[in-house]
Amino acid sequence: MIPKMSMAFGHKKFMEALLAAGAEVDSKDGNGRTAMSYAAASGPELSKVLLGAGVDVNVDAVDGEGKIAVDYARKNGHESLVQLLLEYREEQYLAVGGDGESGVR
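Just so you know, we're using my numbering here: the sequence shown kicks off at 191 and counts up by one.
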């Protein structure tokens with residue numbers, strides 16, 4: 191997993207290196223949070239790195255508090271990121287044929 195410290199402190203270059211090395215982006219920490227939820231809390235810069243990395247990012251992964259990435263973006267006032275995440279979810283939903291198998295809620 192991409193360490194949450196790299197998310198918390200906005201270490202974009204470190205995160206890019208981890209992604210290039212094949213880091214798992216959807217594994218969960220002890221609180222059930224993924225790299226995407228930490229990135230969403232920090233803002234659009236790191237979130238865009240994850241979304242653009244060509245890896246399977248589950249923006250709907252639910253953590254131990256019942257929250258998903260868009261909840262953290264909204265909570266921290268990152269409205270442009272909220273919109274980006276919602277658009278990403280829609281694209282993923284359509285990519286699986288819109289049959290509900292994507293996990294979009």
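Just so you know, even glycine gets a beta-carbon here, dropped at the ideal spot from N, CA and C.
Rounded separation between residue i and residue j - CA only
{"i": "M205", "j": "G254", "result": "24 Å"}
{"i": "G222", "j": "V252", "result": "7 Å"}
{"i": "A259", "j": "A231", "result": "7 Å"}
{"i": "N266", "j": "L240", "result": "18 Å"}
{"i": "V294", "j": "A285", "result": "Caution is warranted here: a pLDDT of 43 is assigned to V294, below 50, making its placement in the model unreliable, and the coordinate value is therefore given only provisionally. Whole-angstrom Cα-Cα distance: 12 Å."}
{"i": "R264", "j": "V247", "result": "18 Å"}
Any chain E beta carbon closer than 9 Å to residue i
{"i": "E206", "result": "Absence of chain E from the displayed structure is noted, only one protein chain being present."}
Three-state secondary structure (DSSP) of residue i
{"i": "R144", "result": "For the chain, the structure presents residues 191 to 295; residue 144 sits outside this window and is missing."}
{"i": "K153", "result": "What is shown of the chain runs 191 to 295, which leaves residue 153 out entirely."}
{"i": "V249", "result": "coil"}
{"i": "A231", "result": "helix"}
{"i": "V286", "result": "coil"}
{"i": "V239", "result": "helix"}
Residue range of the unbroken alpha helix (DSSP H) whose run includes residue i
{"i": "K203", "result": "202-210"}
Per-residue burial, residue i [other beta carbons within 10 Å of its own, 16 or more giving buried]
{"i": "L276", "result": "exposed"}
{"i": "A207", "result": "exposed"}
{"i": "L271", "result": "buried"}
{"i": "A225", "result": "buried"}
Integer Cβ distance of residue i from residue j, believed to fall under 8 Å
{"i": "A229", "j": "S237", "result": "4 Å"}
{"i": "R279", "j": "V245", "result": "With 8 Å as the limit, R279 and V245 do not qualify as a contact, their Cβ atoms being about 16 Å apart."}
{"i": "S217", "j": "Y262", "result": "Actually they do not touch by this definition, with Cβ atoms about 17 Å apart."}
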